[in-house]
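Working notes for the structure below.
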Amino acid sequence: MKHKMLEDIDAVIFDLDGSLVDSMWLWREIDIEYLGGFGIPLPENLQSKIEGMSFHETALYFKENFHIEDSLDKIKADWNRMAWDKYANQVPLKPGVAAFLEGCRESGIKLGIATSNSRELVGNIMQVHRLQDYFASIVTGCDVERGKPAPDVYLAAARQLQVLPERCLVFEDVLAGIQAGKNAGMRVCAVEDAYSMYVREEKKALADYYIESYGELM
27 MKHKMLEDID AVIFDLDGSL VDSMWLWREI DIEYLGGFGI PLPENLQSKI EGMSFHETAL
87 YFKENFHIED SLDKIKADWN RMAWDKYANQ VPLKPGVAAF LEGCRESGIK LGIATSNSRE
147 LVGNIMQVHR LQDYFASIVT GCDVERGKPA PDVYLAAARQ LQVLPERCLV FEDVLAGIQA
207 GKNAGMRVCA VEDAYSMYVR EEKKALADYY IESYGELM
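In structure tokens, the structure reads:
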């Protein structure tokens, strides 16, 4: 199965939203619904402001910028609750992911996840799509000091997998994440996603590779 992209690679580390699962649309819906509850319209530039932030950093941004009186724990719990049902019922894997994961496993390539999302929701996705057995490492933005584009979450995943950063291949869909992988000294494949089509050329320029679907790797 080995694609040239996987030559000299011992581990593949995936971002979650928009890279492994098709879920970026969901967070815009949640932001609209959540802010709407406080009578606040969704700012046009919100996504670019919070891109790459960890779940905790995003909650802090909302609290400070939208003057929300709820505690950070309540903000995060509300988001988890709002997202839970959507992740369970409306979020598919990106096309070709299942076969690619199986191919990596058969080739002895270790698999990890490095996400800005919450551990609760990652666990939910693993369960829904029966992915638990594939991944030897799951690191969230809340496990490290700095969110993407800092390399922390990817370096932590490489440590858990016991693989050198330069022997890791990262799959990412947004610029901050691609930059995080590059900052970690890893090779990065940008994944096409409807949500970030407006920066498609920038993604191609920054990443080492670009795919429209995981089917291309089989």
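Under the working numbering, the first residue of the sequence shown is numbered 27, with each subsequent residue one higher. Every residue, glycine too, gets a C-beta built ideally from N, C-alpha and C. Note that the structure is a prediction, hence the values are computed from the model and not measured.
Residue i and residue j closer than 8 Å at C-beta
| i | j | result |
| --- | --- | --- |
| Ala162 | Leu190 | no |
| Leu109 | Ile66 | The sequence given here has Ala at residue 109, not Leu. No; because the gap between Cβ atoms is not below 8 Å, this pair is not in contact. |
| Cys168 | Phe92 | no |
| Leu46 | Lys100 | no |
| Gly78 | Lys174 | yes |
| Arg193 | Tyr160 | no |
| Met50 | Asp43 | yes |
| Ala182 | Val196 | no |
| Glu218 | Glu238 | yes |
| Tyr240 | Val117 | no |
| Leu147 | Tyr180 | no |
Buried or exposed by the 16-neighbour rule on C-beta atoms within 10 Å, applied to residue i
| i | result |
| --- | --- |
| Ala231 | exposed |
| Glu198 | buried |
| Asn115 | exposed |
| Asn150 | buried |
| Phe133 | Rather than Phe, the amino acid found at residue 133 in this sequence is Ser. Classification for Ser133: exposed. |
| Lys30 | exposed |
| Met244 | exposed |
| Ala210 | buried |
Coil, strand or helix - residue i by DSSP
| i | result |
| --- | --- |
| Phe197 | strand |
| Gly211 | coil |
| Ala183 | helix |
| Phe40 | strand |
| Ser331 | In this structure the chain extends from 27 to 244, so residue 331 is not present and cannot be described. |
| Tyr240 | helix |
| Ile35 | coil |
| Tyr87 | helix |
| Gly62 | helix |
Own chain, CB closer than 7 Å to residue i, minus 5 neighbours either side, in chain order
| i | result |
| --- | --- |
| Ala233 | Ile204, Val214, Cys215, Ala216 |
| Ser142 | Gly78, Met79, Ser80, Phe81, Gly167, Gly173, Lys174 |
| Gln158 | Met152 |
| His155 | Leu119 |
| Val225 | Leu201 |
Close Cβ partners of residue i (< 6 Å) along its chain, the five nearest in sequence each way excluded
| i | result |
| --- | --- |
| Arg145 | Thr166 |
| Tyr236 | Ala216, Lys230 |
Chain-order list of residues whose beta-carbon lies under 8 Å from that of residue i (same chain, five-residue window excluded)
| i | result |
| --- | --- |
| Ile135 | Leu32, Ile35, Asp36, Ala37, Val38 |
Residue-level contact to chain C via CB, residue i, 8 Å cutoff
| i | result |
| --- | --- |
| Arg131 | No chain C is present in this structure, which holds just one protein chain. |
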